[in-house]
Structures are given as structure tokens and as C-alpha cells.
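A.B. asks: Under full-length UniProt numbering, the residues of the sequence shown are numbered 1 to 76, in order.
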Amino acid sequence: MSGVLRVAFGGRGSGGRLLRTGKRLLFMQRANIYGKPPKEKIGPLASVFCLSVFALTLLGPAGWILHHLPECRKKH
1 MSGVLRVAFG GRGSGGRLLR TGKRLLFMQR ANIYGKPPKE KIGPLASVFC LSVFALTLLG
61 PAGWILHHLP ECRKKH
């Protein structure tokens, strides 16, 4: 594959890719993030617990607001 095509299509080692927007070309950089394998495995119970806490943290306030919305409408 030629160097131009490799850069345009984000081939290996290019470090980024070109994005065509209208008549302009933009160069987008890729993040080079590498990680190591985990030191200790997380069990299924811990995963379920963490996902539940995460969902409750995000959906709890939204549910409270939606539950109390009729009360706020009656006041106004």
C-alpha cells in the first residue's frame, strides 16, 4: 500500500488519519494508549455490584426529578 493511502485510511504506523470535510483536509491524531493485564481478576459479583452502583448514580437523580415533576407543575 502506498504511503498516501496508508495515511489517508489510517494504516499501521501512521499515527493519525486524514478527514475530508468539504474541500478541506483535517489531520486527526490517534491516542496511543497501552495497558497492562489486570493484577487481580474481578469476579462477576463485584462487576454486577459496580455496574449497579454506576447505573443508580446516573439514573437515581433523573428518576427523582421525573417522580417529582407533577408536584412542580401544580405549584406554577
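We treat Cβ as the ideally placed atom computed from N, Cα and C, and that holds for glycine.
What you are looking at is a predicted structure, and each value in this text was computed from that prediction instead of being measured.
(1) The alpha helix (DSSP H) spanning residue 79 covers which residue range?
(2) Where do the ends of the alpha helix (DSSP H) carrying K75 lie?
(3) Between L58 and the rest of its own chain, which residues show a CB-CB distance below 7 Å, the 5 nearest in sequence each way excluded?
C.D. replies: Inspection of the coordinates gives the following:
(1) In the structure as shown, the chain begins at 1 and stops at 76. Residue 79 is therefore absent and cannot be evaluated.
(2) Run containing K75: 44–75, per the alpha helix (DSSP H) assignment.
(3) In its chain, beyond the 5 residues on either side, no residue has a beta carbon closer than 7 Å to the beta carbon of L58.
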